[in-house]
Amino acid sequence: KLMKVFVTRRIPQEGMKILTTAGVCEVSLWDSDEPVPRADLLKGVQGAHGILCLLSDKIDAEVLDAAGPNLKVISTLSVGFDHLAIDEIKKRGIRVGYTPDVLTDATAELTVALLLATARRLPEGVEEVKNGGWSSWKPLWLCGYGLSGSTVGVIGLGRIGMAIARRLMPFGVKRLLYSGRTAKANAADVNGEFVSLDTLVSESDFIVVSCSLTPETQGLCDKAFFSKMKNTAVFVNSSRGAVVNQEDLYEALTSGQIAAAGLDVTTPEPLPTNHPLLTLKNCVVLPHIGSATYSTRGVMGALSAQNLLGGLQGTDMPSELTF
Ligand code: GLV
Ligand code: GLV
Numbered sequence: 151k152l153m154k155v156f157v158t159r160r161i162p163q164e165g166m167k168i169l170t171t172a173g174v175c176e177v178s179l180w181d182s183d184e185p186v187p188r189a190d191l192l193k194g195v196q197g198a199h200g201i202l203c204l205l206s207d208k209i210d211a212e213v214l215d216a217a218g219p220n221l222k223v224i225s226t227l228s229v230g231f232d233h234l235a236i237d238e239i240k241k242r243g244i245r246v247g248y249t250p251d252v253l254t255d256a257t258a259e260l261t262v263a264l265l266l267a268t269a270r271r272l273p274e275g276v277e278e279v280k281n282g283g284w285s286s287w288k289p290l291w292l293c294g295y296g297l298s299g300s301t302v303g304v305i306g307l308g309r310i311g312m313a314i315a316r317r318l319m320p321f322g323v324k325r326l327l328y329s330g331r332t333a334k335a336n337a338a339d340v341n342g343e344f345v346s347l348d349t350l351v352s353e354s355d356f357i358v359v360s361c362s363l364t365p366e367t368q369g370l371c372d373k374a375f376f377s378k379m380k381n382t383a384v385f386v387n388s389s390r391g392a393v394v395n396q397e398d399l400y401e402a403l404t405s406g407q408i409a410a411a412g413l414d415v416t417t418p419e420p421l422p423t424n425h426p427l428l429t430l431k432n433c434v435v436l437p438h439i440g441s442a443t444y445s446t447r448g449v450m451g452a453l454s455a456q457n458l459l460g461g462l463q464g465t466d467m468p469s470e471l472t473f
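Residues in the sequence shown are numbered consecutively from 151, following the numbering used here.
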């Protein structure tokens with residue numbers, strides 16, 4: 151008898167194909183590009199043996215209870231898992247799959263693009279070309295900050311943080327600082343110096359947030375944090391919006407406390423179009439597209455499907471979250 155699987159959104163066909171041809175499960179799909187409403191999620195998971203979800207689906211005790219005792223596995227199409235109530239999941243003996251590694255390069259690449267776009271004011275420049283603000287070549291116009299000779303601070307030198315650091319070094323970065331729970335052996339590859347968060351914040355010309363969202367990192371970038379930054383420094387976040395206190399960031403950007411910010415992640419997502427941050431020229435906001443290349447999303451789809459099948463069948467999952 152086929153097991154039941156609920157997939158919370160249209161996913162890349164590479165993943166759907168694996169699920170529908172495995173002969174293991176019967177797939178019920180929320181057949182939309184928009185999020186499944188909570189009530190439909192609670193209904194859709196009823197009796198499911200497996201759930202394939204996205205980072206926008208909150209999987210908490212209520213969802214687990216709605217699914218019931220059949221539930222063996224939750225597979226998320228993401229590397230982040232802050233949307234999963236891990237304690238509740240663990241208590242019920244449910245396995246979790248996620249998609250690390252396969253999105254590291256794409257996410258690091260996007261983070262570098264966002265850093266450069268923010269520091270060199272690309273969106274502003276594009277806008278000026280379109281609105282007639284480009285009157286001539288002007289020595290003092292649209293100047294920003296370059297990486298050459300700079301100090302870069304990476305908060306969270308994990309897989310993605312390392313990949314960002316590797317990409318930034320060839321731009322002529324002078325010092326690469328990083329902070330986190332522990333020093334990392336592979337930091338030597340980028341001449342990384344393990345420093346306290348305070349040192350990183352006060353000495354960096356560019357700060358890149360690449361840590362996961364945990365109770366420890368929630369709201370880490372707040373008023374006190376921004377007040378220690380250089381007035382010429384650029385702040386970039388491609389991890390999770392909740393690491394940043396956005397009101398404090400807005401204040402730091404408008405008061406001249408910091409130079410600019412580039413965000414690929416916000417709270418909430420999507421950010422309302424009337425949000426104050428969107429009125430600022432020195433704030434570049436992207437719609438959470440770190441892993442969004444065709445090939446990376448295809449591989450994420452396939453990996454999340456394989457994780458789900460492994461969990462259903464009680465066999466190895468290619469990327470199981472161990473907790
Ligand atoms: C993206 O943010 C992810 O967690 O995969
Ligand atoms: C964090 O998201 C990592 O992959 O290092």
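Just so it is clear, CB atoms sit at the ideal spot from N, CA and C, and this is done for glycine as well.
A straight-line Cα-Cα distance of about 31 Å links Leu430 and Val345.
The bridge partners DSSP lists for Glu343 are Leu327. Taken through DSSP and simplified to helix, strand or coil, Ser225 comes out as strand. If the five residues before and after Leu462 are omitted, its C-beta is found closer than 7 Å to the C-beta atoms of Met153, Val174, Cys175, His199, Gly200, Lys222 and Val223, all from its own chain and listed in chain order. Judged by DSSP secondary structure, Met467 falls outside any alpha helix (DSSP H); it is assigned neither H nor E. Annotation for Ser360 indicates a beta carbon at 7 Å or more from all heavy atoms of ligand 1.
In this structure, the CA atom of Ile168 is about 6 Å from the CA atom of Ala455.
DSSP, read as helix, strand or coil, puts Glu176 in strand.
With a minimum length of 3 residues, the unbroken runs of beta strand (DSSP E) contained wholly in the segment 333-409 fall at 342-344, 356-359 and 384-387. Around the CB of Val393, 16 or more other CB atoms lie within 10 Å, so the residue is classed as buried. Annotation for Val262: the continuous alpha helix (DSSP H) segment containing it runs Thr254 to Ala269.
Beyond the five residues adjoining it in sequence on each side, Gly197 comes within less than 8 Å, by CB distance, of Lys154, Ala217, Gly218 and Asn220 in the same chain, given in chain order.
Within the same chain, and ignoring the five residues on either side of Arg245 in sequence, the residues whose Cβ sits closer than 7 Å to its Cβ are Lys222, Val223, Gly461, Met467 and Glu470. With respect to the 8 Å criterion, Ser445 and Asp414 are not classified as neighbours on the basis of their beta carbons. Exclusion of the five residues before and after Gly275 leaves Leu292 as the residues of its chain whose Cβ lies within less than 6 Å of its Cβ.
Annotation for Ala235: Ile209, Asp210 and Ala211 place their beta carbon closer than 7 Å to its own, counting only its chain and skipping 5 residues before and after. Secondary structure of Val304 (DSSP, three-state): strand.
Here DSSP, grouped into helix, strand and coil, assigns Lys431 to coil. Assigned with DSSP and collapsed to three states, Leu202 falls in strand.
Judged by the Cβ position, Leu169 fails to qualify as a neighbour of ligand 1 at the 7 Å threshold, every heavy atom of the ligand being at least this far.
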